[in-house]
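Comments concern the structure below.
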Amino acid sequence: MASTDTYLMPATLADALKLADEYGGNCRIIAGGTDVMPNRFQGNDTAPYLIDISRLNELRKLEKKDSSIVIGSLTTLEEVSNNAEILKYFPALAEAANSAATPVIRKSATLGGNLLCENRCIFYNQSEWWREAVGYCLKCNGDICIASGGNKRCFSKFVSDTAAALISMDAYAEIITHEGPSNLKLEDLYTGDGIQPRNIKAGTVIKAIHLPINNSSRTVFKKLRLRKSLDFTSLSTSVTLKSDSLLKIVLCGVDPGPVVLNKRADDNKDDIIATALKKSRIVDNDVFSRGYRREMIRVFLRRSFTELGILK
Amino acid sequence: MPIINFILNGIHKEFLIKQQDTLAAVLRNEAGLTGTKIGCEQGSCGACTVWINGAAVVSCITPAMRAKDASVTTIEALSDKGELHKLQKKFVDKGAIQCGFCTPGMVMTALEFIEKHPSPSIEQIKESLSGNLCRCTGYSKIIEAVAEYAQERNGAKRETPVKTDAHSQMVGGRHPYIEAERKVRGLADYADDIIIKNALHCKFVRSTHPHARIENIDIYAASHLEGVRYIAIGKELPVTFGVLPISQDETAMAIEKTRYSGEIVAAVAAESEEIASNACKLIKVKYTPYKSYLTVDDSLNDIGGNEKIHRHTKFNNNIHKKAELRFGDQKQGIKESDITTVMDFEFEGINHGFTEPHSATAYWDENGLTLITATQVTHYVHRALAKVMQVPLNRVRVIKPYIGGGFGGKSDPFAHEIIISHLARKTGRPVHVRLSREEVFLTNHGRHPSRMKISMGASTDGTLKALDADIAIDGGAYGSFGVVTSYYNGVLLQAPYKLNNFGFRTYRVYTNKPQCGAMRGHGAVNSRFAVESVIDDIAHKLGKDPVELRMQNFLPSDTMTVGQYRITSNGSRESLQRVAEQSGWKKKFGKLKFGRGIGVGCGFFISGSALPIIWNELPQSTVHLKLDFDGRVLITSGANDIGQGSDTMLAIIVAEVLGISMEKIFVLAADTLLTPVDLGSYSSRVTFMAGNAAKSAAEKLKNEILQRVSAKTGVSVEELYIAGERICSNDMKVDLSWIEAIDMVTAKRGAISVSGWYVSPKLGGDFKGAGAGLSPSYSFGACAAEVTVDTETGKVELIDVWGAHDCGKAINPLAVEGQLQGSWHMGLGQAMSEQMKYYEGLLLNNNFLDYKIPTSLDTPDIHTNIIETIDPEGPFGAKECGEGALHPILPAISNAIFNAVGVRITKLPIKPEDVLNGLKQNVNSKQTQTA
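Line order of the protein sequences matches chains S and U.
Letter 126 of the first sequence, counting from 1, is numbered 126 in this note's numbering, and no numbers are missing.
Letter 841 of the second sequence, counting from 1, is numbered 841 in this note's numbering, and no numbers are missing.
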């Protein structure tokens, strides 16, 4: 961290938002810190002001409200994966939360933080020295994307496991800035741009995630990683089959944003997979090759369809 | 700078901190609680785990401000009034502690978990620990300790505690490490925990080019930064060094040119780490790139008019060493074979992955230079420092504190050790350095990436007729142990099977990457994998059971190999038999359904190199014992305990010989001022050599004691014996307690000192290269593995692993099991997930997130079998168990994959993608066959 860092611990959400508005692009909101801190250690996150929201209890609730579950953004991944209501209505979300990072990190890491975690790339998540030696990629003010061999577009991976599950479950985010609250569909939080992956201005806080309960919808979540713990995703798929035979498919880890497909259960499955492959802009920036990850999209989706009973 | 208050281990504390400080930094640097360890700085290894308000956090990525007004608990608070917490005690008793560096974090994680989940399943325990990396234990004993603690907490009957009193068994008894309590309390000082007053901090400027001429180093701006005390550049340290006398090819910093991305170009000593880092950023280096050589082929080829990596190499390429030995006639042997297999293999480089980053402190005083450093080889560091600093050997003192694992990665003298010695001399101040995890990876000295062609032939009855290996290994920028590695790749193939026609050729090349060196199982792991795979193929072609084929070809005990290795004790047969029986081999092999398979592999390794690295006539190990008036025996030994338990081994041996308990023994080790020379912890030599030296010293001391008692009592020495801390005569006329006897022994004379040593017998042939791989004894072993393969994803799941290793005699079975389990864990890491990945000479995966050491969840149950063959020359029959066990696990896994799905693995690590491609090829070739 730079020596000019200032660590702010506002007592209320209103204070936090005021500070965030004041510092704008110079601040970083920090909750669990498990994504922000390593990025700061590597010199990728250099915002001089850190606004710690981890003690704001107004962001912490987890409740069933009418026909939704509302999950405060400070709910830790551990709490998400252990919560009885979530396990009852959205077991795939619990599974997704439990697949992120390690047990000890999941005690600090928050749902909001997981949804907002920075995109990753093997050419970007490196020390200052390393990035200088390789010649800085697009995501750290360089001229080209190194992973793609010189493209002018950044292909860093969007790696949130919970986003995959939540988007497929039609979650929406209740966000708030100094100017006031608003709601947006979770998928609309993301731009699909590797450099500016999030569609919200600096200083925006996710207050909560709202998940509509639909008793007859079912979700299958899958994650590709080399080890059974610690690893970021190389491909996460979440497929939700809703009561009205609508199919919502979300892929993470294979594109700068979540890849979202709205389909029908009776659509041709090969066509669905072809569309998913076409929409996933995978480059070689991961422990698994581009080709293998593409192939696994096919396998994961077919298996998900089978488990949902829509493919024999 | 804000002041924060929090409750630390139950006490209100106030700290003046920097806003950007991490909690780990405040705990270690401000509160002095160094039980919290820093292993990765990115939250990946868990060594820094502490609790905030009772919840575990990784403190290296937790902002210190987060602790404000909270309650923080560290490992130091767990014991109560001096009593270990019951979980800590379990860790000690179960042998769950080796190097101890991950231990505090592991205990903090486990204890919080058990508080919240009082009755966990084994699977849940594994899951709970999967954010805490351990490189020593393979997790087995840790999981066992946690499980047993949980059971006892729930009222299960306590197991009888391990006894270390006089009446319990010494050699062969299960002894926790003598320092285990200190480690589990977080009180053991590792190199980065030792604060020398007024020390400066050192940071390095590292090359951003793999191969480049250094045109200019501009230190002007940096040298004017407040707090910067000295900036050193390469030409100040022109003397070359290297661990082998024949490879003195390295300087502490690059001079004139750099040979890999990450090589040290300049070093700053400053008042704080932060100032030193900032100064490094201000140092501007101008480079003119040369053509870089990044692959074996780049370096084997003629380089035309380009710049070579090292000018001293013989030809116009970058070949560092060619090693070749031939016995019998391989061509004829292949010709006479009924069946032959020729196969090509490729192996990625891997890193030791010890959890403790390199760290050291240097200072000069009236005694010359003192260096406290995380090293496996104090003796070689001692010699290198004297050479490079140009001071007499007797003005250099090297001290090894507790070490957080080595595995060969701390067995060279290192640039950073030399540089801080230089900076300390220049500034007149102590200088401290700790490498980041990225720097540890850049320092490397890990397993060589390699490729090889193996040709083997056998007759239809299964007799192996010939083996020829053509090997190329990628050494990186410098020599390190590479000449030895070149030989080991070949020579260690001449056993455990009888081979009359055996030969190999190895090329080691320089490339512009971090250097490779020795790593657990040194030199022989990859070629062993290749040969065991080829044997599996031969068995398959012959329609023979691979277990039987191996049994048929094993060398016997007490024999010579074709290359004139003297084989004495040999537990190959027993090892393979044990894993075959235990795994249910006969019921499984060839009988499992497609997608599930079982495989075996065997291994062979040296038990200490018979020849010293630096030729001289010193014994390979000398041990001193001092018996003083208080009845205590002080062992001084240069042997480096790096977590493998050698201090405990020495204590057990001396206690056994003297018939006393370990409580009367004190071990002082690896301090070149105070301890006699031992060559260090490499080549699996310590138990055999230092153990023998300790045994001989103890026998001398025993004799001295008996002589003295005999003289005073008039009872002849032959009538006297020592047992259970009493010195008695057979008729019990003499019946003295230990302390009564010692009063007698030290009367009018004072303390008694004796010395014991070990010198290897003369071994081997008289041809050039005959010395490579010579050892007074060899270890043998076998593994079986059972896997499932997902035929759609290529993913391999390790279901079960069975291992057996012939260690001669287990002096401390608890420690031997730990060594075996750790070896197998490390081997399966190389097989399944680990590799060093480069992009244009830059290491891509230089952290514990991207370098994939198996977590507790990725490690299957490992059934552990100690095979005892009582070696004729080992101390109490013991030989090595720390490296050789690693070899068989890798081919056991890949052979199991072949058994499961018919895909032959020829590249490590095993990638799901490669398995999948193999499956597709098999389908295609079947279709072609049927078409």
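Backbone N, C-alpha and C fix where the C-beta goes; we use that ideal spot for every residue, glycine too.
Residue from S:Ser168, S:Asn141, S:Phe305, S:Pro256 whose Cα sits closest to the Cα of S:Lys269:
As a first step, residue 269 of chain S is located in the first sequence; it is residue number 269 there, counting from the start. Measuring C-alpha to C-alpha distances from S:Lys269 to each of S:Ser168, S:Asn141, S:Phe305, S:Pro256 identifies S:Phe305 as the nearest.
Does any residue of chain S have a CB that is nearer than 7 Å to the CB of U:Gln20?
Working through the second sequence from its first residue, we reach residue 20 of chain U at position 20. Taking Cβ atoms only, chain S reaches closer than 7 Å to U:Gln20, which makes this a yes.
According to DSSP, S:Cys27 sits in a beta bridge with which residue or residues?
Position 27 of the first sequence, counting from 1, holds the residue named residue 27 of chain S. Per DSSP, S:Tyr49.
From the DSSP output, which residues share a beta bridge with U:Tyr402?
Here residue 402 of chain U refers to the residue found at position 402 when the second sequence is read from its first residue. Note: U:Tyr402 sits in a beta bridge opposite U:Tyr190.
Could you compute how far the alpha carbon of S:Gln126 sits from the alpha carbon of U:Ser569?
Your numbering for residue 126 of chain S matches position 126 in the first sequence. Your numbering for residue 569 of chain U matches position 569 in the second sequence. Roughly 50 Å separates the two Cα atoms.
Alpha carbon to alpha carbon, how far is U:Ala55 from U:Ile7? Give it in angstroms, no decimals.
Indexing the second sequence from 1 puts residue 7 of chain U at position 7. Indexing the second sequence from 1 puts residue 55 of chain U at position 55. Approximately 14 Å between the Cα atoms of the pair.
Neighbouring residues, chain U, relative to S:Ile122 (Cβ below 9 Å)
Position 122 of the first sequence, counted from the start, is the residue given in the question as residue 122 of chain S. Below the 9 Å Cβ cutoff, chain U contributes Lys837, Tyr839, Leu844, Asn845, Asp850 as neighbours of S:Ile122, in chain order.
Verify the CB distance criterion: does S:Ser99 have a CB-CB separation below 7 Å to chain U?
Numbered from 1 along the first sequence, position 99 holds the residue referred to as residue 99 of chain S. No, because no Cβ of chain U sits closer than 7 Å to the Cβ of S:Ser99.
Between S:Pro212 and S:Lys65, what straight-line distance do the alpha-carbon atoms span, to the nearest angstrom?
As a first step, residue 212 of chain S must be located in the first sequence, where it is residue number 212. As a first step, residue 65 of chain S must be located in the first sequence, where it is residue number 65. Note on geometry: alpha-carbon atoms of S:Pro212 and S:Lys65 lie some 9 Å from one another.
Close-in-space but distant-in-sequence residues of the same chain around S:Thr34 (CB under 8 Å, 5 per side omitted):
Here residue 34 of chain S is taken as the residue at index 34 of the first sequence, counted from 1. Taken in chain order, the residues that qualify are Ala101, Ile105, Ser108, Ala109, Gly113.
Can you give me the C-alpha to C-alpha distance between S:Lys312 and S:Arg303, rounded to a whole angstrom?
Within the first sequence, residue 312 of chain S is the residue found at index 312, counting from 1. Within the first sequence, residue 303 of chain S is the residue found at index 303, counting from 1. Distance between the alpha carbons of S:Lys312 and S:Arg303: 10 Å.
Less than 7 Å between the C-beta atoms of S:Asn119 and S:Pro197, yes or no?
Mapped onto the first sequence, residue 119 of chain S falls at position 119. Mapped onto the first sequence, residue 197 of chain S falls at position 197. Result yes, Cβ atoms of S:Asn119 and S:Pro197 sit closer than 7 Å.
Please identify, using Cβ separations under 9 Å, the residues of the segment 204-234 of chain S that lie next to chain U, in order along the chain.
So the close ones are Leu224, Leu226, Arg227, Lys228, Ser229, Leu230, Asp231, Phe232.
S:Ser54 versus chain U: which residues are under 8 Å apart at the beta carbon?
By 1-based counting over the first sequence, the position of residue 54 of chain S is 54. Going along chain U in sequence order, the residues near S:Ser54 (Cβ under 8 Å) are Arg66.
Shortest alpha-carbon distance to S:Ser245 belongs to which of S:Met296, S:Lys263, S:Leu115, S:Arg40?
Taking the first residue of the first sequence as position 1, residue 245 of chain S is located at position 245. Measuring from the Cα of S:Ser245, the nearest candidate turns out to be S:Lys263.
Whether or not the segment 118-133 of chain U and the segment 853-861 of chain U are in contact is what I'm after, with contact meaning three or more pairs of Cβ atoms, one per stretch, closer than 8 Å; do they touch?
Contact between the segment 853-861 of chain U and the segment 118-133 of chain U is present: three or more C-beta pairs spanning the two stretches fall below 8 Å.
So within the segment 530-578 of chain U, which uninterrupted alpha helix (DSSP H) runs reach at least 4 residues, ignoring any that extend past its ends?
Taking only runs of at least 4 residues, the alpha helix (DSSP H) segments lying wholly in the segment 530-578 of chain U are 546-553.
Could you give the residue range of the alpha helix (DSSP H) that holds U:Gly902?
For the purposes of this step, residue 902 of chain U is taken as the residue at position 902 of the second sequence. Judged by DSSP secondary structure, U:Gly902 falls outside any alpha helix (DSSP H); it is assigned neither H nor E.
Need the endpoints of the alpha helix (DSSP H) that U:Phe149 sits in, please.
If you number the second sequence from 1, residue 149 of chain U lands on position 149. Checking the sequence shown, residue 149 of chain U turns out to be Tyr, not Phe. DSSP places U:Tyr149 in the uninterrupted alpha helix (DSSP H) bounded by 140-153.
CB-CB under 8 Å to S:Leu301, same chain, minus the five flanking residues each way: which ones, in chain order?
The residue you call residue 301 of chain S lines up with position 301 of the first sequence. Excluding residues within five positions, the ones whose Cβ falls inside 8 Å are Thr237, Val239, Ile249, Lys269, Ile272, Ile273, Ala276.
Quick one: Cα of U:Ile142 to Cα of U:Lys400, how far?
Within the second sequence, numbered from 1, the residue matching residue 142 of chain U stands at position 142. Within the second sequence, numbered from 1, the residue matching residue 400 of chain U stands at position 400. Whole-angstrom Cα-Cα distance: 26 Å.
Relative to chain S, which residues along the segment 858-874 of chain U have a C-beta separation below 7 Å, given in chain order?
Taking 7 Å as the Cβ-Cβ cut-off against chain S, the residues of the segment 858-874 of chain U that qualify are Asp858.
S:Asn215, DSSP secondary structure in three states
In the first sequence, counting from the first residue as 1, residue 215 of chain S sits at position 215. The answer is coil: DSSP assigns S:Asn215 none of H, G, I, E or B.
Roughly how far, in whole angstroms, is the beta-carbon of U:Tyr778 from the beta-carbon of U:Ile606, given that I think they are within contact range, below 8 Å?
For the purposes of this step, residue 778 of chain U is taken as residue 778 along the second sequence, with counting starting at 1. For the purposes of this step, residue 606 of chain U is taken as residue 606 along the second sequence, with counting starting at 1. Contact flag correct, Cβ pair sits at about 6 Å.
Kindly say whether U:Glu821, judged by its beta-carbon, lies nearer than 7 Å to any beta-carbon of chain S.
Residue 821 of chain U sits at position 821 when you count from the first residue of the second sequence. Per the sequence shown, residue 821 of chain U should be read as Gln rather than Glu. Judged by the 7 Å Cβ criterion, U:Gln821 is not in contact with chain S.
U:Ala693 to U:Leu467 span [Cα, whole Å]
Your numbering for residue 693 of chain U matches position 693 in the second sequence. Your numbering for residue 467 of chain U matches position 467 in the second sequence. One alpha carbon belongs to U:Ala693, the other to U:Leu467, and they sit about 38 Å apart.
Would you report the Cα separation of U:Val667 and U:Gln390, rounded to the nearest angstrom?
Indexing the second sequence from 1 puts residue 667 of chain U at position 667. Indexing the second sequence from 1 puts residue 390 of chain U at position 390. One C-alpha to the other measures close to 32 Å.
Contact the segment 889-906 of chain U vs the segment 804-812 of chain U: 3+ CB pairs below 8 Å:
With a cut-off of 8 Å, the segment 804-812 of chain U and the segment 889-906 of chain U do not count as touching, because too few Cβ pairs lie within range.
Between the Cα of U:Leu492 and the Cα atoms of U:Gln929, U:Ala772, U:Pro120, U:Lys183, which residue gives the shortest distance?
Numbered from 1 along the second sequence, position 492 holds the residue referred to as residue 492 of chain U. Of the listed residues, the one whose Cα sits closest to U:Leu492 is U:Ala772.
Per DSSP, cross-strand counterpart(s) of U:Leu371:
Sequence index remark: in the second sequence, residue 371 of chain U carries index 371 (1-based). Looking at the DSSP output, U:Leu371 bridges to U:Ala362, U:Val398.
Candidates U:Ala670, U:Leu634, U:Gln644, U:Asp671, of which the one nearest U:Ala655 by Cα:
Walking along the second sequence from the start, residue 655 of chain U turns up at place 655. If you compare the alpha carbons of U:Ala670, U:Leu634, U:Gln644, U:Asp671 with that of U:Ala655, the shortest gap goes to U:Leu634.
Chain S residues whose Cβ lies nearer than 8 Å to that of U:Gly46:
Within the second sequence, numbered from 1, the residue matching residue 46 of chain U stands at position 46. Ordered by position in chain S, the residues that pass the 8 Å Cβ test against U:Gly46 are Thr102, Val104.
Contacts that U:Pro854 makes with chain S (C-beta to C-beta distance below 7 Å):
Counted from its first residue, the second sequence places residue 854 of chain U at position 854. What U:Pro854 touches in chain S: Arg227.
How long is the line joining the alpha carbons of S:Thr6 and U:Cys783, rounded to whole angstroms?
Locating residue 6 of chain S in the first sequence gives position 6, where the first residue counts as 1. Locating residue 783 of chain U in the second sequence gives position 783, where the first residue counts as 1. Each residue's Cα considered, the two are about 55 Å apart.
In the segment 134-147 of chain S, which residues sit with their C-beta less than 7 Å from some C-beta in chain U, listed in chain order?
Using a CB distance below 7 Å, the part of the segment 134-147 of chain S facing chain U consists of Val134, ordered along the chain.
Determine the DSSP secondary structure at S:Arg264, reduced to helix, strand or coil.
Taking the first sequence and counting its residues from 1, one reaches residue 264 of chain S at position 264. Of the three classes helix, strand and coil, the one that applies to S:Arg264 here is strand, per DSSP.
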